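Peer 1: I have a structure I would like to understand better, so I am pasting it below and will then ask my questions one at a time.
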Amino acid sequence: MLKKITVLGPESTGKSVLCEKLALHYHSIWCPEYAREYLIVLGRKYNYDDLLIIAKNQFELGEMYTRDAIEKKHSTIFFDTDMRVMKVWSEVVFGKCHQWISGKIDSQKSDLYLLCKPDVPWVEDDLREYPELEIREDLFNIYKELLIQQSTPWIEIGGSYEERFANAIKAVDSLLK
134 MLKKITVLGP ESTGKSVLCE KLALHYHSIW CPEYAREYLI VLGRKYNYDD
184 LLIIAKNQFE LGEMYTRDAI EKKHSTIFFD TDMRVMKVWS EVVFGKCHQW
234 ISGKIDSQKS DLYLLCKPDV PWVEDDLREY PELEIREDLF NIYKELLIQQ
284 STPWIEIGGS YEERFANAIK AVDSLLK
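Each residue of the sequence shown is one higher than the one before, starting from 134 at the first, in the numbering used here.
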């Protein structure tokens, strides 16, 4: 049975790198974050309605990668984001969230969440918005509270990139036993 592992956390906490490394380690696949692709092509500052477009495309991308993982009989699939991220981002940036996004949160079932702590150095990127540690910690706590309020297992992933990877492997191995 396919196990879905979702990586969450503030910007620049190594989520994409961790997903890619885990997928390689488990000979599996990972679903990237659609927002990066969309925002690079957008050519302007995103707005509230852009987040709904991003969310719908992210959801479809996740469904497509899941079908592919099932078809290829992978034991795991890793997701670089989910609707929780879209909800948090909408609420933090615009103070509200599209109902469609909120409504999809429960339908995106994962078997494990890896919550990346903002304890690695910020990496500058034209698409990133909140380099301040205090804001990154606030975002981390928002994600943490969302995970506390649901029943799916989750763990915090912190430390160096090597420590993050090692701890993520331990968590995924425990899930797969």
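From the three backbone atoms N, C-alpha and C, an ideal C-beta is built for every residue, glycine too. All of these numbers come straight from a predicted model, not from anything done at the bench.
1) Determine, using beta carbons only, whether Leu172 and Leu260 come nearer to each other than 8 Å.
2) Taking DSSP as the reference, what is the three-state secondary structure of Thr398?
3) Give me the Cα-Cα distance between Thr285 and Gly291, rounded to the nearest whole angstrom.
4) Between the Cα of Asp182 and the Cα atoms of Trp233, Ser149 and Arg169, which residue gives the shortest distance?
5) Should Ala156 and Phe211 be called a contact, given that it needs their Cβ atoms to be closer than 8 Å?
6) Does the beta-carbon of Met219 have 16 or more other beta-carbons within 10 angstroms, so that it is buried, or is it exposed?
7) Identify the continuous beta strand (DSSP E) that holds Tyr246 and give its terminal residues.
8) Below 8 Å, can you find three or more Cβ-Cβ pairs linking the segment 258–273 to the segment 143–151?
9) Answer with buried or exposed for Met334, where buried requires no fewer than 16 other C-beta atoms within 10 angstroms of its C-beta.
10) Got a sec, what are the start and stop residues for the beta strand (DSSP E) Ile238 sits in?
11) According to DSSP, which residues form a beta bridge with Lys206?
12) Which value, in whole angstroms, describes the spacing of the CA atoms of Arg297 and Glu224?
Peer 2: A quick look at the data gives this:
1) To locate residue 172, count along the sequence shown from 1; it is residue 39. To locate residue 260, count along the sequence shown from 1; it is residue 127. For Leu172 and Leu260, yes; Cβs fall inside 8 Å.
2) Because the chain here runs from 134 to 310, residue 398 falls outside it and cannot be looked at.
3) Taking the first residue of the sequence shown as 1, we reach residue 285 at position 152. Taking the first residue of the sequence shown as 1, we reach residue 291 at position 158. Whole-angstrom Cα-Cα distance: 19 Å.
4) Walking along the sequence shown from the start, residue 182 turns up at place 49. It is Trp233.
5) Against the sequence shown, residue 156 aligns to sequence position 23. Against the sequence shown, residue 211 aligns to sequence position 78. Yes. Within cutoff.
6) Working through the sequence shown from its first residue, we reach residue 219 at position 86. Buried, by the Cβ-count rule.
7) Translated into the one-based positions of the sequence shown, residue 246 becomes position 113. Element bounds for Tyr246: Leu245 to Cys249.
8) yes
9) Nothing in the structure corresponds to residue 334, since the chain is present only between 134 and 310.
10) By one-based count along the sequence shown, residue 238 stands at place 105. It is not in any beta strand (DSSP E) - Ile238 carries neither H nor E in the DSSP assignment.
11) As a first step, residue 206 is located in the sequence shown; it is residue number 73 there, counting from the start. Paired residue(s): none; Lys206 is not in a bridge.
12) Translated into the one-based positions of the sequence shown, residue 297 becomes position 164. Translated into the one-based positions of the sequence shown, residue 224 becomes position 91. Between Arg297 and Glu224, the C-alpha separation is close to 28 Å.
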